[in-house]
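Q: Below is a structure I'd like to ask you about.
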């Protein structure tokens, strides 16, 4: 058996892992054969449970009475179990009839690998790989399995996000479910919905004799969901049909890519297992993690003389989790002045986001892996699951990437890598969070030795491609070749200008095919290995796409185009995928000259003071959530008339503290479900909020992963931040352990954007610490803050700030003196507090506490009595300023500490 990587592209990469073409015909033929089997293993794995969708929707119903398909199911006396396997088998035959790559393969038993994985007597190597991988992916399922008639037709997907626990979420039951619908960005289908709104019923008797312990809810639909499943299943089949009619000659790799997109669309809201206490893993995430595990396991075992050897050994690190992270991308995005900065900023943001996708793809290609290896990719970070023996080849691929990054970004951007070994035990015990953490720690070490694998004499050679007398007016680079702008800035401005109008991106990894494409090439990446073309007006590009004949291409549908049925779209003869990007709206913020707004325009169109606003937000404690948040309660066994049932009793507690005992349930399926759902909220849903008229002077710079960056007229940003925060809490089912903090900076339009971005980032960090700084945090995880105009408050004080601002605005014309007095008061109090800190060594909290009953109180009381003859209005101000009661509600952080925020807010709106 050959050692090293088994490369994947059409027999052109060598089986030795060197990346060089192999001239030996026999070796090439062997690589092609192994390569085809690898793709069929991945295909079998990613489809192995698709029969659940069809069984629940009563599609391919003939499978239930056809012995050919029933033989794929385990037999019990007088019946068959796991009947969805029969439906999977019927679908495999249906799929094979539509694509030539499946008709022509010599490995027809791929359909058995796919559909017979529940039969333990299928002992072939490939079938065993799929079966073992399925069990490793599904090992997160908790105790408490049961059966109730037609439960698979009445169970909806439970949000794993509702169950996350750090220290506040004491609830042991869940009260939300996802509706059965295709994945999109519509709130009514993407957000979890309450049981009441869905008319779900609590099942109190999951197995005869088991009482409801009052600590959990298994919520069932009172009616069969078969019709909804049928709609999903038929839409899935219709899209495959549309793809097959246009591209029956798809390669196996392209077919896997296209099917993955469709599976995400149609099975992300489908529960994988329904006969469990907590059905919180989607069918899509179970399928794709099974494929990731199987691909790596298959290649790892192929390295052995006898591939079956050690296949089920528990403590052998057969897999490696790879964490890739791009350092310096924010500095690159924001490193620009204000000349053409609007176009440049959106071009840079997209470019970096796209590079992250391309580099992950490049590494997988260098290793000979399909896209199934990719577990997560967003926010400048990606995770791959690979065979453990290929880590050295990842480093070689990284060296090529960093060599290109040095040339492209002058050393500003660096790809760091972290590795962690993964064993079968870690899958079974729900301990993937430890691998996640180990990979992140290894990444931090790697960041301390940037570019260590790219050092060469050329690396240290001085650059000669610059003019010391002339700099780029956008980024300041000296490499302008005598022009006003450097090549990179001109390219990115052009990308930013075009981006608002494009519907899809065509990517091509084949240099020889470029000349035949009737499109303008927009840019190339990785020293010309990948070429990218923008497609506008996609609906009318059917003839153009049909004329493009490339073997290694991909049509990436952007944003809402990736949510439309494929039958409604012109399709190419190669792979189709989907991506959400921060594409600025073509009809928004366009000047009289037809050009998009620049920073000056956002500032000039602000209400009140003319300032550009920058908003940054990210999820609090996300790293800890992945490390600790997926520890779920242990349960006592319970005796029923049918015997002892594990996992159905009361939650176990610590005898001394009374705290609920928890065990790790951070399975690979659960972790990728959580990360995918969070990313979809930011990259897919948040941009839809900016389509509201209230935010018509704001634009997304970046949104994805767990954070976002928005620029716009300053006056709209506080309301936008609060809207996003409220929507995030609703998406998280009001889980108290999940929060998001925000920081806003204001700047003149000529102020360098990178400095403004830093200030917004600093404001965000201040917001995260506001509760801890003022003794309001109940634990170190308690953040949930908002910082605006340099003043931080807890989010639950935002409405108080708005009310104070509006009180001032209502009186602004007739009582400006009060605003001036209060502003002078808060400035005096700030100076006094700073002096106490400097001269007496007090903490900030101690200093402000000491001045709480200072002279400002009687002076303010005098001003209120002098200015208001109306007792009601005077008492309202007095209640707010002295008793911290605003509209009858008590503020936990005294108003005099943060009064400056609403005062300056009102002042700026009327300046």
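Residue numbers (our numbering): 242 to 1152.
Just so you know, even glycine gets a beta-carbon here, dropped at the ideal spot from N, CA and C.
It should be emphasised that the depicted structure is a prediction, and the values quoted were computed from it without experimental measurement.
I'd like to know if residue 933 contacts chain B, where contact means its C-beta is closer than 8 Å to some C-beta of that chain.
A: Reference to chain B is not applicable here, since this structure consists of a single protein chain.
Q: According to DSSP, is residue 545 helix, strand or coil?
A: The answer is coil: DSSP assigns residue 545 none of H, G, I, E or B.
Q: Considering only the alpha carbon of each residue, which of 800, 671, 817 lies closest to residue 944?
A: Considering only alpha carbons, the answer is 800.
Q: Taking the alpha helix (DSSP H) that residue 1096 belongs to, which residues open and close that run?
A: Here the alpha helix (DSSP H) through residue 1096 covers 1096-1108.
Q: Between 932, 1037, 1031, 1008, which lies nearest to residue 967 when the distance is taken from Cα to Cα?
A: Of the listed residues, the one whose Cα sits closest to residue 967 is 1037.
Q: Comparing alpha-carbon positions, which option in 312, 443, 1043, 400 lies nearest residue 460?
A: For the residues 312, 443, 1043, 400, the minimum Cα distance to residue 460 belongs to 443.
Q: Taking residue 529 as the reference, which of 616, 565, 473, 562 has the closest Cα?
A: Considering only alpha carbons, the answer is 616.
Q: So for residue 985, helix, strand or coil by DSSP?
A: In this structure, residue 985 counts as strand in the three-state DSSP scheme.
Q: Could you say which of 651, 628, 905, 878 lies nearest to residue 1159 if we only look at CA atoms?
A: A query on residue 1159 cannot be resolved here, the shown segment of the chain reaching from 242 to 1152 and no further.
Q: Leaving aside the five residues before and after residue 685 along the sequence, list all residues of the same chain whose C-beta is less than 6 Å from its C-beta, in chain order.
A: Result list for residue 685: empty, nothing under 6 Å.
Q: Would the region 782-802 count as touching the region 811-822 if we require 3 or more Cβ pairs under 8 Å?
A: They touch, by the three-pair rule.
Q: From the DSSP secondary-structure annotation, give me the bridge partner or partners of residue 560.
A: Beta-bridge pairing links residue 560 to 628, 663.
Q: At what residue ranges does the region 930-988 contain a whole run of the alpha helix (DSSP H), taking only runs of 4 or more?
A: Segments of the alpha helix (DSSP H) lying fully in the region 930-988: 958-972.
Q: Decide yes or no for the touch test of the region 829-843 against the region 978-986: beta carbon pairs closer than 8 Å, at least 3 of them.
A: Output reads no: the region 978-986 does not touch the region 829-843.
Q: Specify the secondary structure class of residue 325 as computed by DSSP and reduced to three states.
A: Residue state, collapsed to three classes: helix.
Q: Do you know how far the Cα of residue 646 is from the Cα of residue 658?
A: Whole-angstrom Cα-Cα distance: 15 Å.
Q: Verify whether the separation of the beta carbon atoms of residue 1185 and residue 642 is less than 8 Å.
A: Residue 1185 is absent from the model: the chain starts at 242 and stops at 1152.
Q: Note down the Cα distance separating residue 678 from residue 919, rounded to an integer number of angstroms.
A: So the alpha carbons of these two residues sit roughly 19 Å apart.
Q: Helix or strand or just coil, what does DSSP make of residue 215?
A: Only positions 242 to 1152 of the chain appear in this structure, which leaves residue 215 out of reach.
Q: Are the CB atoms of residue 974 and residue 489 within a distance shorter than 8 Å?
A: No; because the gap between Cβ atoms is not below 8 Å, this pair is not in contact.
Q: For residue 611, which three-state DSSP category applies?
A: Looking at residue 611 - three-state DSSP - the assignment turns out to be coil, as it is neither helix nor strand.
Q: Rounded to the nearest angstrom, what separates residue 222 and residue 549 at their Cα positions?
A: Because the chain spans 242 through 1152 in this model, residue 222 falls outside it and cannot be assessed.
Q: Taking all protein chains shown into account, decide if residue 310 is buried (16 or more other Cβ within 10 angstroms of its Cβ) or exposed.
A: Residue 310 should be labelled buried.
Q: Going by C-alpha to C-alpha distance, which of 961, 866, 905, 587 sits closest to residue 840?
A: With distances taken between Cα atoms, residue 840 lies closest to 587.
Q: Could you spell out the range, first to last residue, of the alpha helix (DSSP H) harbouring residue 673?
A: Residue 673 -> alpha helix (DSSP H) spans 673-688.
Q: Can residue 859 and residue 1005 be called in contact, C-beta distance under 8 Å?
A: Yes, they are a contact pair.
Q: Kindly list the residues whose CB is nearer than 8 Å to the CB of residue 890, restricted to its own chain and excluding five residues on each side of it in sequence; keep chain order.
A: So the qualifying residues of the chain are 454, 876, 877, 878, 879.
Q: May I ask you to report which of helix, strand or coil DSSP gives residue 921?
A: Note: residue 921 maps to helix in three-state DSSP.
Q: Identify the continuous beta strand (DSSP E) that holds residue 479 and give its terminal residues.
A: Premise fails: residue 479 lies in the alpha helix (DSSP H), 467-487, not in any beta strand (DSSP E).
Q: Determine the DSSP secondary structure at residue 1144, reduced to helix, strand or coil.
A: Reduced to three states, the DSSP call for residue 1144 is helix.
Q: Using 10 angstroms around the beta-carbon of residue 928, count the other beta-carbons present and answer buried if the total reaches 16, otherwise exposed.
A: Under this definition residue 928 is a buried residue.
Q: If residue 1070 sits next to residue 1045, beta carbons under 8 Å apart, how far is it from one beta carbon to the other, in whole angstroms?
A: So it is not a contact: roughly 16 Å between Cβ atoms.
Q: From the DSSP output, in three-state form, read off residue 617 for me.
A: If DSSP states are grouped into helix, strand and coil, residue 617 belongs with the strands.
Q: How many angstroms separate the CA atom of residue 1174 from the CA atom of residue 403?
A: This structure cannot speak to residue 1174, because the chain is shown only from 242 to 1152.
Q: Distance, Cα to Cα, residue 570 vs residue 651?
A: The straight-line gap from Cα to Cα measures roughly 12 Å.
Q: Quick check on residue 1143: buried or exposed, where buried means 16 or more other Cβ atoms within 10 Å of its Cβ?
A: Burial call: buried.
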